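K.L.:
Supplied in C-alpha cells, the structure appears directly below.
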Amino acid sequence: MTQQAAWSIIGIFSLVAIIFSTLPIAGAFFFRPRKGNAAKEASYECGLHPKSDPHVQYNIQYYLFALAFLIFSIEILYVYPWAVNFKKLGPVALAEMAVFLSVLLLGLAYAWRKGGLDWQ
Numbered sequence: 003m004t005q006q007a008a009w010s011i012i013g014i015f016s017l018v019a020i021i022f023s024t025l026p027i028a029g030a031f032f033f034r035p036r037k038g039n040a041a042k043e044a045s046y047e048c049g050l051h052p053k054s055d056p057h058v059q060y061n062i063q064y065y066l067f068a069l070a071f072l073i074f075s076i077e078i079l080y081v082y083p084w085a086v087n088f089k090k091l092g093p094v095a096l097a098e099m100a101v102f103l104s105v106l107l108l109g110l111a112y113a114w115r116k117g118g119l120d121w122q
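Using the working numbering, the first residue of the sequence shown is number 3, and each one after it goes up by one.
As C-alpha cells, then:
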C-alpha cells in the first residue's frame, strides 16, 4: 500500500466520522419545532401549576464548597491506596505523593487567601 492510499483511507474515515457526528445535530436543528409552547416550557410539578419561578439563582458559595469537597474526596481516592501500599512502594512514591499533596495544599491556601472559603 502506498503512502497516498494510506492517507486517503484516513481521509475517508475522517470524512465519514465528521458526517456521522454532524448529521444528527443538523437533523435535530432542522426538524425541531419552530415556536415554543408555554405549556411545554413550564416546569412540571406533579400536575399542578407552578407556584413560583423555577429558575432560581443559587449563591456561588454553594458551588465553591461543592468543588472543594470534590477535590478533597478525589484526593482520598489517591492517598488511601498509596497509604495501604506505603512500605512496598518506596521513597519515589513518597516523593510523588509529597508533590501531589503540596500542590493540593497550595491550591487550598490560594483559595483561602482569596476568600473563597469565607461564607458571605
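Heads up, the beta-carbon is just placed ideally off N, CA and C, and yes, glycines get one too. Remember, it's a predicted structure, so these values are computed and weren't measured experimentally.
Could you spell out the range, first to last residue, of the alpha helix (DSSP H) harbouring residue 116?
P.N.:
The residue you call residue 116 lines up with position 114 of the sequence shown. It is not in any alpha helix (DSSP H) - residue 116 carries neither H nor E in the DSSP assignment.
K.L.:
Using only the heavy atoms of the ligand GDP, determine whether one of them is closer than 7 Å to the beta carbon of residue 64.
P.N.:
Of the ligands one can find in the structure shown there are none, so the ligand GDP has no counterpart to examine.
K.L.:
Out of 13, 122, 74 and 87, point me to the one whose CA is closest to residue 108's CA.
P.N.:
By 1-based counting over the sequence shown, the position of residue 108 is 106. Per the Cα distances, 74.
K.L.:
Quick check on this structure: which residue in 116, 38 and 12 has the alpha carbon closest to the alpha carbon of residue 66?
P.N.:
The count along the sequence shown starts at 1 and reaches residue 66 at position 64. Residue 116 is the option with its Cα nearest to residue 66.
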